[in-house]
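Q: If you read the protein sequences in the order shown, they are chains E and A. Oh and the first sequence: position 177 is 178 in this note's numbering, straight run, nothing missing. Oh and the second sequence: position 313 is 317 in this note's numbering, straight run, nothing missing.
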Amino acid sequence: MRMIFTKLVRLVVVLFVVTFLSFWFIKLIGGNNDLVAKMIPFASIEEKERVREEIGLNKPFFVQYRNWIGNFVTGDLGQIYTGSGANVASVPVSETIVKRLPVSLELMLYAQLLALAIAIPLGVFTAYRAGSKFDRGSNMAAFGLLALPQFVVALLLATYVGAKWQLLPTQANVDPFPLSPADNWQYMLMPIISLALAQIAIYTRLLRSDMIATLQEDFITTAKAKGIPAKRVLFRHALRPSSLTLLTVAGLNVGALIGGAVVIERIFQVPGIGGLLAASILSQQYLLTQSLVVLIAIFYILLNFFVDILYSVLDPRIRHARAVA
Amino acid sequence: MRKSKKSADAAARFETEPAEGPLLQVVDLHTHFHTGRGVARAVDGVTLSLERGQTLGVVGESGSGKTVLARSIMGLLPKSNVERTGSILFEGREIIDASNDELRALWGSQMSMVFQDPMTSLNPVMKIGNQITEMILQHLDVSKKYAGELALAQLKAVGIPEAERRLKEYPHQMSGGMRQRIMIAIAIACGPKLLFADEPTTALDVTVQAQILDLLEEQQRERFMAMILVTHDLGVVAGRADEIVVMYAGRIVEKAPTGLLFSDMRHPYTEALLRSIPKLSAPSHSLLQAIGGRPPDIVNPPTGCKFSPRCPYVHEKCTQEEPPLVDATSPDHQFRCWTPVGTPENRAALEANRAAGLESALAVVEDVLPAGVSTATETLPQVTTSHLRGGTINPKGSV
């Protein structure tokens, strides 16, 4: 319990640093005045001045930061400003993100689940039968998948499954995008598979090598000598101590996928966070960029916090070592 | 449905086998490993038999094949690159060609093993209790609750204090001696008829060794278990085994009932093993009588007698022709030597080798153990509790 508390304190500190840095870095890019000028270049001078006032850019830096953090916590992420001359309109940033975030979460979650669901049994089995024909075959397939860039897989899928065989729609730019997996699976299936394939290869390789090491351990011989069936020895005795590396990498991947699936989102026109982030940078909507960066960072940090806790759930030795220290 | 099949399996597993005949009979067992360098003959024609409730000591130095012998008999070796030939009869049933599935019914319930290193032999991420109950549930048709009670009883039987609490702990929370007690509890939980103890005390503190050996002996007696006690230490088996087999380079070089082996040892290697034990009665700073040289390479063993390169009594015939296993005074006692210890030929060979300046012959110190003169078992520095118990604070306690 004490361990979780100290971790939580650390978590808050990291969150603070992350928000401050992203706020500061965005400021560094253009300076106060330029940001608004870039956001709405064709607006009248009076409108620009009004927007500056609204965002609070005329206030001192730390006051701006404090206000921004305060608003961020309450869910007010600022506005997206568009228009020219005297006609400047604004849409809340949060509204756009709320529409896009579930899509990205779904994409990431299902891609990970699919990858793990295939990689875990495959990794365990190839380790158990290391050196067999099946193992060598799966090794070769894994290297092939690793060498193949994701966008190639995506394009192949789009070309064959989508265009030639007409099994699934290749473009997901429908509005409004159905957020429930039951309704949108046909748009999400190919993006999910494209993202999962490379992960399967990585996870299988990782788990296989860790499993092979674990299977050499004395306690595996003990389990065998107890008359425990092979399947139980593999999944109950060997898998848990072998899964720490896999967990680490999977945790990092989930974080990376949330905003990093830009290419796949673009190919299949999936309305996710990655595409939104890229678009916000191109259209210089710095409040949107800032919010997305912070959100992704928070997501990353929280996720790795849970991974950290999971380590000690998986291996009691970590739990007790920390408790002593 | 599944339950009833399990009960049937469990019943079949414990069906009373014919009680006559030895529990275990191993005939001409060879275990060969196919390595990159060639064939390693780790076990090379071993024949032995074990009666119910008896203890067989298997003694030899590292690399003599004793551990491989134990694992070969139990069938625990990996299948790839390993070739086993010969015959292993367990309760009259041939098990050498049994599949893992067939053996799994025997493992744990009929024969089980206590391993050398308790620090690595228990699953680090599983609670002690689960490690015992999973096996009970595997072999016996009992409820989870009853299995838990059985596990508790086992821990108490092997002298674990605060057994209830220990069931919920992980191996890393315990000392080496405690872990070895738990290994023993696991090994005997389902009441096996044959227990392999593979150097059960080698990795332990000296003060704990005797306790563990006593525990094994006590449990063995109570449960009428047969035991194969593998060790490199003649002192360990001296007071505990009914019969001792001395192994060298995968072969039995001498085999005799314990008393007879110590009173009338014939093989130079047995003699050398005995000499190498430091004597408590010897003055301090006495040189240890180590066996010179190195264990033979089992991929390319020496021709003739495998021990000949290190033997102080070596002569021409030894390097040319391997001696067969022959009976000594009784058929119980067999050895494999051309010039056995205690014969005039043996003396003559030693003198000749000394004259020739052979290092191993010069190293033989007569007064420690006059060659061939009977040595009573009592003079051995046996590992007994009597001289150790006093030194430990709490023999049953937190070891």
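Backbone N, C-alpha and C fix where the C-beta goes; we use that ideal spot for every residue, glycine too. Given the structure is predicted, the values throughout are model-derived calculations rather than measurements.
(1) May I ask you to report which of helix, strand or coil DSSP gives G376/A?
(2) Please say whether V249/A and V62/A have beta carbons closer to each other than 8 Å?
(3) Measuring alpha carbon to alpha carbon, tell me which residue in I41/E, Q65/E, M191/E is nearest V153/E.
(4) Could you list the residues in the region 336–358 of chain A with a C-beta less than 8 Å from some C-beta on chain C, going in chain order?
(5) Under 8 Å Cβ-Cβ, which residues of chain A neighbour P230/E?
(6) Could you tell me whether the region 293–302 of chain E touches the region 17–36 of chain E, using the rule of 3 or more Cβ pairs below 8 Å?
(7) Please report the straight-line C-alpha distance between P313/A and F228/A, rounded to a whole angstrom.
(8) Helix, strand or coil: how does DSSP classify N304/A here?
(9) Taking only runs that begin and end inside the region 246–307 of chain A, name each unbroken beta strand (DSSP E) of 3 or more residues, in chain order.
(10) State the start and end residues of the unbroken alpha helix (DSSP H) segment that holds E47/E.
(11) Between the Cα of S76/A and the Cα atoms of Q338/A, V47/A, E226/A, P128/A, which residue gives the shortest distance?
(12) What separation, rounded to the nearest whole angstrom, lies between the Cα atoms of D219/E and Y188/E?
(13) Can you give the Cα-Cα distance for L208/E and S85/E, rounded to whole angstroms?
(14) Just how far apart, CA to CA, sit I268/E and S195/E?
(15) Can you look up L193/A in the DSSP assignment and give me helix, strand or coil?
(16) Report yes if the CB atom of Q270/E is closer than 8 Å to the CB atom of A199/E, and no otherwise.
(17) My parser needs the alpha helix (DSSP H) runs of 4 or more residues fully inside the region 120–152 of chain A; what are they?
(18) Check each candidate in K172/A, E355/A, V162/A, A245/A and name the one with the smallest Cα separation from M130/A.
(19) Between which two residues does the beta strand (DSSP E) holding F94/A run?
(20) Verify whether the separation of the beta carbon atoms of P175/A and R183/A is less than 8 Å.
(21) Quick one: which residues of the region 205–231 of chain E get their C-beta closer than 9 Å to a C-beta of chain A? List them in chain order.
(22) Looking at chain E, which residues of the region 138–166 of chain A have a Cβ within less than 7 Å of any of its Cβ atoms?
(23) Can you look up P335/A in the DSSP assignment and give me helix, strand or coil?
(24) In whole angstroms, give me the CA-to-CA distance for V263/E and I98/E.
(25) Which residue wins for smallest C-alpha separation from L217/A, given the options Y252/A, V162/A, L198/A?
(26) Return no unless some Cβ of chain E is closer than 8 Å to the Cβ of D218/A.
(27) Under the three-state reduction of DSSP, which class applies to L196/E: helix, strand or coil?
(28) V125/E and F236/E: beta carbons closer than 8 Å?
(29) Would I295/A and A276/A be called neighbours here (beta carbons separated by less than 8 Å)?
(30) Quick one: which chain A residues come within Cβ less than 8 Å of N58/E?
(31) On the CB-based measure, 16 or more other CB atoms within 10 Å of its CB, does G239/A come out buried or exposed?
(32) Just confirm the distance between the C-beta atoms of G133/A and A155/A, as a whole number of angstroms; I'd bet it's less than 8 Å.
(33) Within 10 Å of its beta-carbon, does H38/A have 16 or more other beta-carbons around it, so buried, or fewer, so exposed?
(34) Starting from the C-beta of R51/E, find all residues in its chain whose C-beta is less than 8 Å away, skip the five residues before and the five after it, and write them out in chain order.
(35) Could you name the residues that DSSP lists as bridge partners for W342/A?
(36) So, helix, strand or coil for G275/E, using DSSP?
A: Result, derived from the coordinates:
(1) In the second sequence, residue 376/A corresponds to position 372, counting from 1. In this prediction, G376/A scores a pLDDT of 44, lower than 50, which makes its location untrustworthy; the coordinate-derived value is nonetheless stated afterwards. In the structure shown, G376/A sits in coil (DSSP, three-state: anything other than H, G, I, E or B).
(2) Against the second sequence, residue 62/A aligns to sequence position 58. Against the second sequence, residue 249/A aligns to sequence position 245. Closer than 8 Å, so yes.
(3) On the first sequence, residue 153/E is found 152 positions in, with the first residue counted as 1. Ranking I41/E, Q65/E, M191/E by CA distance to the CA of V153/E puts M191/E first.
(4) The displayed structure is made up of protein chains E and A, and chain C is not among them.
(5) Residue mapping note: residue 230/E aligns to position 229 of the first sequence, counting from 1. The contacting residues are R108, Q142.
(6) Contact holds: three or more Cβ-Cβ distances are below 8 Å.
(7) Along the second sequence, read from residue 1 onward, the residue named residue 313/A stands at position 309. Along the second sequence, read from residue 1 onward, the residue named residue 228/A stands at position 224. Rounded to whole angstroms, the separation of the alpha carbons of F228/A and P313/A is 42 Å.
(8) Working through the second sequence from its first residue, we reach residue 304/A at position 300. Look at N304/A here: in three-state DSSP terms it is coil, with no helix or strand label.
(9) Unbroken beta strand (DSSP E) stretches of 3 residues or longer found wholly inside the region 246–307 of chain A: 247–252, 255–261, given in chain order.
(10) Position 46 of the first sequence, counting from 1, holds the residue named residue 47/E. Per DSSP, E47/E belongs to the alpha helix (DSSP H) from 46–56.
(11) Here residue 76/A corresponds to residue number 72 of the second sequence, with the count starting at 1. Considering only alpha carbons, the answer is V47/A.
(12) As a first step, residue 219/E must be located in the first sequence, where it is residue number 218. As a first step, residue 188/E must be located in the first sequence, where it is residue number 187. D219/E and Y188/E: Cα-Cα distance of roughly 49 Å.
(13) Your numbering for residue 208/E matches position 207 in the first sequence. Your numbering for residue 85/E matches position 84 in the first sequence. A direct Cα-Cα distance of roughly 56 Å separates L208/E from S85/E.
(14) Stepping through the first sequence from its first residue, residue 268/E is reached at position 267. Stepping through the first sequence from its first residue, residue 195/E is reached at position 194. CA-CA distance, I268/E to S195/E, rounds to 11 Å.
(15) Here residue 193/A refers to the residue found at position 189 of the second sequence. One point to set straight first is that residue 193/A is Ala, not Leu, in the sequence displayed. Note: A193/A maps to coil in three-state DSSP.
(16) Translated into positions along the first sequence, residue 270/E becomes position 269. Translated into positions along the first sequence, residue 199/E becomes position 198. Contact flag unset, no.
(17) Counting only runs of 4 or more, we get 132–143.
(18) If you number the second sequence from 1, residue 130/A lands on position 126. Cα-wise, what sits closest to M130/A is K172/A.
(19) Here residue 94/A refers to the residue found at position 90 when the second sequence is read from its first residue. Where F94/A is concerned, the enclosing beta strand (DSSP E) stretches over 86–94.
(20) For the purposes of this step, residue 175/A is taken as the residue at position 171 of the second sequence. For the purposes of this step, residue 183/A is taken as the residue at position 179 of the second sequence. In this structure, P175/A places its C-beta atom within 8 Å of the C-beta atom of R183/A.
(21) Listed by position along the chain: E218, D219, F220, I221, T222, T223, A224, K225, A226, K227, G228, I229, P230, A231.
(22) Residues passing the 7 Å Cβ filter: E138, M139, Q142, H143.
(23) Here residue 335/A corresponds to residue number 331 of the second sequence, with the count starting at 1. In the structure shown, P335/A falls within a coil segment according to DSSP collapsed to helix, strand and coil.
(24) Stepping through the first sequence from its first residue, residue 263/E is reached at position 262. Stepping through the first sequence from its first residue, residue 98/E is reached at position 97. Those two C-alpha atoms are separated by around 15 Å.
(25) Against the second sequence, residue 217/A aligns to sequence position 213. In terms of CA proximity to L217/A, V162/A leads the group Y252/A, V162/A, L198/A.
(26) Counting from one through the second sequence, the residue named residue 218/A turns up at place 214. Not an interface residue.
(27) By one-based count along the first sequence, residue 196/E stands at place 195. Helix.
(28) Against the first sequence, residue 125/E aligns to sequence position 124. Against the first sequence, residue 236/E aligns to sequence position 235. At the C-beta level, V125/E and F236/E come within 8 Å of one another.
(29) Numbered from 1 along the second sequence, position 291 holds the residue referred to as residue 295/A. Numbered from 1 along the second sequence, position 272 holds the residue referred to as residue 276/A. Yes; because the gap between Cβ atoms is below 8 Å, this pair is in contact.
(30) Translated into the one-based positions of the first sequence, residue 58/E becomes position 57. Note that residue 58/E corresponds to Leu in the displayed sequence, not to Asn. Simply none; closest approach about 55 Å.
(31) The count along the second sequence starts at 1 and reaches residue 239/A at position 235. In summary, G239/A is buried, with 16 or more beta-carbon neighbours lying within 10 Å of its beta-carbon over all protein chains present.
(32) For the purposes of this step, residue 133/A is identified with residue 129 of the second sequence, where counting begins at 1. For the purposes of this step, residue 155/A is identified with residue 151 of the second sequence, where counting begins at 1. That belief holds up - the Cβ atoms of G133/A and A155/A are roughly 6 Å apart, short of 8 Å.
(33) Residue numbering aside, residue 38/A sits at position 34 when the second sequence is read from its first letter. Exposed: under 16 other Cβ atoms inside 10 Å.
(34) Stepping through the first sequence from its first residue, residue 51/E is reached at position 50. Result list for R51/E: V89, in chain order.
(35) Stepping through the second sequence from its first residue, residue 342/A is reached at position 338. Note: W342/A sits in no beta bridge, so no partner.
(36) Numbered from 1 along the first sequence, position 274 holds the residue referred to as residue 275/E. Correct three-state label for G275/E: helix.
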